Amino acid sequence: MIIPVRCFSCGTVVADKLETLESRTSNGESPADILNDLGVTRYCCRRMLLSNSNVIDQIIQYHESLHDKRVEFDFS
Amino acid sequence: MSSVPNENWAIIENMIKKEGIASHHLNSYNEFLDHGIQDIIDEVGGIDVETTGTPYRVSFGKIFIGEPRSVELDGSTSRILPLETRLRDLAYSAPIHLEMTVEENGIARETQKHHIGDIPIMIRSAKCETSKMAEKQMIEKGEDPLDPGGYFIVNGSERIIVGLEDLSPNKIIVEKDKVGGNIVHRSKIYSSIVGYRAKLELTLKADGAIMVKLPSSPVDLPIVTLIRALGIENDREIASLISNQNQVHNLLEITFEKAVLDRDTHCNVCKVCGLRILEKAKDQTQEEFDKENPDYENCGHDEVCGKLGDCSHKALMYIGNRVAHGMLDEFRIRKAESILDWGLLPHLGKERENRYDKAIFIGEAVCKLLELRMNWINQDDKDHYGNKIVKFAGPMIADLFRTAFRNLIRDMKYQLERTSHRKGSNIVGASIRPGIITDKLANAVATGNWGRGKVGVTQLLDRTNYLSLLSHLRRIQSPLSRTQPNFEARDLHSTHYGRICPSETPEGANCGLVKNIALSSVISVSSSFEDIIDKLTQIGIVPSRDISMEDRSRFCKIFVDGRLIGYTKDENKLVTSFRNMRRQGQIHSHASINLQKYPNKNASTRIHVSLSSGRVLRPLIVVSNGQPLVNHDVVSRTQNGELSWQDLIHMGVVDLLDANEEENALVAIDGTTEFSNEHTHVELFSSSILGAAASLIPYAEHNQSPRNTYQSAMSKQSLGFPTPNYNYNTTVREHLLVYPQNQLVKTRATSLLNIDKRPTGQNCVVAVMSYEGYNIEDAIVMNKSSVQRGLARSFFYRLYDAEAKQYLGGMKDNFEIPKSDENTRGYRGEKYYRLLESDGIIMHESVVSGGDVIIGRTSPPRFMEEYKAFDMTGPYRRDTSIAVRPSEFGVVDSVFMTQNEDGEKLYKIRVRDMRIPEIGDKFASRHGQKGIVGLLVNQEDMPYTESGIVPDIIINPHAFPSRMTVGQFIESIGGKAASFRGTPVDGSTFAGENADDLGNKLKEYGFESSGSEIMYDGKTGKKLKVEIFIGIVYYQKLHHMVADKMHARARGQVQMLTKQPTEGRARGGGLRFGEMERDCLIAYGASMVLKDRLLDESDKTNVNVCDHCGLLAYYDGQQRKYTCKIDGEDAQISSVTIAYAFKLLLQEMMSLNIAPRLLLEDKV
Amino acid sequence: MATIKILESSDSHVKLLLKGIDRVYANALRRFAISEVPCMAVDEIVIHENSSVLYDEILAHRLGLIPLTTDLEGYILPEDCSCKTSLGCTKCRVLLVLDAVATDEVKTIYSGDLVSEDTRVKPHLDNIPIVKLAPTQKIKLEAYAKLGKGRNHAKWQPATVSTLTDTDNASEFHLTIESNGSLPAKEILLQATNILNTKLKNMTETIKESA
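If you read the protein sequences in the order shown, they are chains D, R and G. Here the working numbering is used: the first residue of the first sequence is 459, the next is one more, and so on. Here the working numbering is used: the first residue of the second sequence is 9, the next is one more, and so on. Here the working numbering is used: the first residue of the third sequence is 10, the next is one more, and so on.
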């Protein structure tokens, strides 16, 4: 769904680091280095960030399109 | 373990990305809409209306399939999309229009298009609106862009036609069979055309005679008689149709004798040249004879010959006598002819002129049979995948449509002949009842009832998670009975390689009968017969009608789709040219050619060209002169999108081979092989031989094989994120994992199958150790704190729906809160309706539990007359409200209000329930290792590592030695390594990352390469004596949860008939005290416990028994007297305690005229 | 002679070298840091409006897991409070309000958007995403934070990692405590000792009384 607030196993807050990880990864940095930088050292916390699947983005599109009904499907 | 980094995956990837995961369904269905449906219409052609006045004909023209639409109650139509049909319980179907022309005396009058019915439209097929939409538009319309389609929607429910495995049609299959100690040789042909199939069976009996079993004949016919009936009268010609080998002819002798001895069909032939001899009848003049037999030429040898006439006619009569016994001569002949034209080998045509082809074909069937008899060839392998095809929606719907269309025609003909005084297009239009086709198709798809005893053809689409959907779309069923052993049919066959997944099959009754197609397999579509004949003629063949007698047995026979079309002298040249032309794109890439040669030089050489749809093909890289044609350059161009896999086929560097053609190929296992000139192909990608489910198992090659099978079955039960439009979904049961995670150890199929967008589990920190004994016997210990932080949290949705029906007489259902003061029958009590709003519907986000009414509804009373007749007070309305299932809880998630097809109000209400993992919930890794939660442990009590890591799950080490799921160990190390290096590990089967490299990665980060760590006991803080294997493993939560299963009962409902406790959780039933439990108590001598269970706490009853007659007596309430029907009022009556079931037995016996008497004695 | 040496110390992290202290006591401290030291966390929420794609249940769960800075002096545990109401009183709870709406584009709502009535009790981190809102979606809720203990729910654990590990010397241990931000690591340790102390005291008294 959306990133869990904390690491399941140890309870460290990880949610706050996701956006940094994502933006820095898209700039071409290696995820491992970013996580080291952010002080996410334990593998339990690292997997939370690395394997996160933001499926909320997929769901939200449907709600967005409800709002934004500009593209109507042309049946012809 | 050496991993071969194989880049060819890009080709498989391109193939599946381009075609879609359900392309076989879509192609099959599109093919049907494209021409299959027109073929069925053309086969019928038209209706001859036989009237008392001038007869006329309605001939059919082109067929048109419209767009999917809904027809409202007022007759208005509107375009619909799948989403709406799901919500409103409609069918996603389109109208079929057919051009019909009224012809009188062969002159066309007028042509008009008529609506003849509706056909269900496959989602994402060419006719489906969504197939033309861009991703964005689909989202706008509430559709899931990743939905592969390939299924139908009828009555709002998604139905899939599972692929049906079938024997290849039109193929001569020869086999040996043992019947009572004798070996019988058989030759079978399943001749089929669209929607119709006829089996022809030739048997070489123990006495040496070859008999044929015709579809509509009750008795077997001698084969010679059949060939004669087909118009070949010359015995020599008959023999040469079969073969020119002397040994074969010797075997035929008995068969011929059989036909000769048969007086009915006997006609004389010239012993010298084999020509049939005709002789004038006694009263016939030469002139009359010549006139009757204009083509007759005397061979000149007739001095040795006898007499008698037309043997083709006689043979026909022989058949007629058997199929239409006792009818008029003329009718018998007609019947026999129609059997030959319609029932015999229909794939060769249904006209008189096709009879010669049929004779040739039968001759070939006999030839193959006798070659088998001579042991020149081997019997055909029925489990060889070259002898099988898989039928998907196209042929299945065609079957159905054919019968439906014929029903419609019959009905139309009847209607038209009844109203024969009027004619013209309008009357034709009026005679059409579109419901015949619409209902037949919709009903069949909705129930899976295909007629002729075929049930279970369609199934409800499995949407447990995205993978289960994909796997369901790639499933194949065998028609073989699952109650019989069929050992060979269940076995994995070498021809399954690359076509059928070796791992993914259910356990138990369906094992090996239900299969799944491999990632690499391609299901063929049909290609043009005429084109191939042209191409073959170009290459050079001798047509079968022109072949000389000698060449017939020397040359190689060429079959195209089971039809003997000619001969060639140089079979190798023909096959090579064919393949070259195919690689150049001149021949359809799905067409296959197979050269069948036997070591025995007497056996005929055959070439089979197959064009049919439903063959399972697989792509292979072409090797030419010891050099694979796909090189690094080609692959990288495929990778960057410059080339598509289709381009590679057109370039001739990749071939699609069916199992038959593969028999001619020598396939190298991978690029590292030393190629010789013998090699024709090389495998494309090693792990693409697996199916959808098995290809998601990381390091599957390290597991014991059955574990992969278990996992393939289990992954379909795991919870995940099945669809992003779940808020508009009205699936009856659905699950959603709150925080799904991507796999840290993935396979190449993970992203290809979009599992990374629709994950089905979470990466858990898993330690392998024991913990207070709470993980023995496959239980798992879970970290309670992890659970509280959201691990494995899921939602369960259940849909309730209700519609307001209209009844006869204007009565209808009302949505309202049933009122207590209106004497509503079945009123539940005020508290159950407390959550309803004034419209009778529950409020969104209300918290509900078992028994609460969520849709208030009252229905008109049944049996109105009953009340009038007895002058009772009433009638009262009935409460037909919908309540939450007992033992379920939740929050009302969404309320849909809409109208169904009949314009009636339809409510669908979805209740969600958050499921936090608890003791008894089922979990599984990806290696067939399943277990239930045995204990939830607080974080401070869990063991911890030096760095403070606490496992989420602790599994028992005993899970490994006997099961040998080494893949899980590698995954565990890989998961840990992946989290350190920041990128997922590729664990693809046969092509994954090296396990040692992963261990080294751990070393780099200061861990042991073995994956073990020092751990401390959380309770005492003491170091554990051994190192613990700990790592990250992807775990799936399976949909078996205790919340859905736990059940207990003290008192409760009883069955009406037997007064025994009900069965099953849903009815609050009791737990059965069965036979074996009974045995235990008997053995133990605990008779009072036994009585307590079986009588006192079950169906204890007191009955009155007459002491004298021993039959049941009763208490007459009005006269306050015990009465026996036999012995009257003065009889001595005793009260006896028995089981109600026993009382029932006594009365049932009495209804059978048996008098069961109970002989009573006083208690001692 | 028992000695304690602080090896590393910061707000989020403290590492001690324990010498001559029995493992049993050290381990009790370790465990108390997780399960007994109270801290603030959202416990009850009243949802006025939630049109987001996350259900009320998930929203509540996520809010609960956001670490709040804790003032152990200013508040008392609800079970010790005299108010006995479900939403608590000013002595035992803090009200946080979230009122967010996405107007034209998708908007992520962060922990920083929570407005607390007491500045001492607020989310430790401001950039924890709570939910993503599609245009026009709205969330309006009141969240009531209370003190609680880790043994009741993981959201009340002040320490994330709390380990007691062996050193090369058999009588020496390392005790490491990592805070999630609700309390400084050192404070957690001190509280843990206090609690251990109180418990032992209570026990002595109980024994005395019963004897």
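Backbone N, C-alpha and C fix where the C-beta goes; we use that ideal spot for every residue, glycine too. Being a predicted model, the structure only gives us computed values, none of them experimental.
At least one CB of chain R closer than 8 Å to the CB of residue i: is that the case?
i: Leu496(D); result: no
i: Met459(D); result: yes
i: Gly469(D); result: yes
i: Gln166(G); result: yes
i: Leu476(D); result: no
i: Asn36(G); result: yes
Output yes or no for whether 8 Å exceeds the beta carbon distance between residue i and residue j.
i: Gly456(R); j: Thr466(R); result: yes
i: Met108(R); j: His122(R); result: yes
i: Leu352(R); j: Leu222(R); result: yes
i: Gly993(R); j: Val638(R); result: A small fix is needed here, since residue 993(R) is Val in this sequence, not Gly. Going by C-beta atoms, Val993(R) is not nearer than 8 Å to Val638(R).
i: Ile197(G); j: Ala168(G); result: yes
i: Glu742(R); j: Pro730(R); result: yes
i: Ile540(R); j: Ala599(R); result: yes
Measuring only between beta-carbons, confirm whether residue i sits less than 8 Å from chain G.
i: Tyr952(R); result: yes
i: Arg504(D); result: no
i: Gly8(R); result: This structure cannot settle anything about residue 8(R), because the visible part of chain R is limited to 9 through 1172.
If distances are taken between C-alpha atoms only, which option among the options comes closest to residue i?
i: Thr79(G); options: Trp165(G), Leu72(G), Leu96(G) and Leu25(G); result: Trp165(G)
i: Ala214(R); options: Tyr204(R), Asp228(R), Val220(R) and Ile191(R); result: Ile191(R)
i: Arg885(R); options: Gly834(R), Arg893(R), Gly898(R) and Pro925(R); result: Gly834(R)
i: Tyr1148(R); options: Ala1163(R), Asn1110(R) and Cys1117(R); result: Asn1110(R)
i: Gly1039(R); options: Lys1027(R), Ser1018(R) and Ala1058(R); result: Ser1018(R)
i: Pro90(R); options: Ile788(R), Phe339(R), Lys605(R) and Thr738(R); result: Thr738(R)
i: Glu670(R); options: Thr688(R), Phe683(R), Ala452(R) and Gly520(R); result: Thr688(R)
i: Asp52(G); options: Leu199(G), Leu104(G) and Lys155(G); result: Lys155(G)
For residue i and residue j, what's the separation of their Cα atoms in angstroms?
i: Val1172(R); j: Leu1120(R); result: 23 Å
i: Arg865(R); j: Gln519(D); result: 36 Å
i: Leu1032(R); j: Ile1022(R); result: 7 Å
i: His183(G); j: Ala37(G); result: 14 Å
i: Thr478(D); j: Leu154(R); result: 29 Å
i: Asn672(R); j: Ile444(R); result: 49 Å
i: Val662(R); j: Ile19(R); result: 10 Å
i: Glu853(R); j: Asp65(G); result: 9 Å
i: Thr1066(R); j: Gly1078(R); result: 14 Å
i: Lys179(R); j: Pro925(R); result: 56 Å
i: Lys149(G); j: Ile43(G); result: 32 Å
i: Gly125(R); j: Glu21(R); result: 40 Å
i: Lys186(R); j: Phe495(R); result: 17 Å
i: Asp492(R); j: Asp391(R); result: The residue you asked about is not Asp; residue 492(R) is Gln in the sequence shown. Looking at the two C-alpha atoms, the distance is approximately 16 Å.
i: Lys609(R); j: Pro551(R); result: 23 Å
i: Leu1166(R); j: Cys1114(R); result: 8 Å
i: Val103(G); j: Gly1029(R); result: 36 Å
With 8 Å as the threshold, decide whether the Cβ of residue i is near any Cβ in chain D.
i: Tyr805(R); result: no
i: Ser91(G); result: no
i: Lys131(G); result: no
Every unbroken alpha helix (DSSP H) within the region 56-98 of chain G, with a cutoff of 4 residues, ordered by chain: The qualifying runs are 65-74.
Output the residue ranges of the beta strand (DSSP E) runs that lie fully inside the region 95-158 of chain G and measure 3 residues or longer, sorted by chain position. DSSP runs (the beta strand (DSSP E)) wholly in the region 95-158 of chain G: 102-110, 116-119, 138-142 and 147-157.
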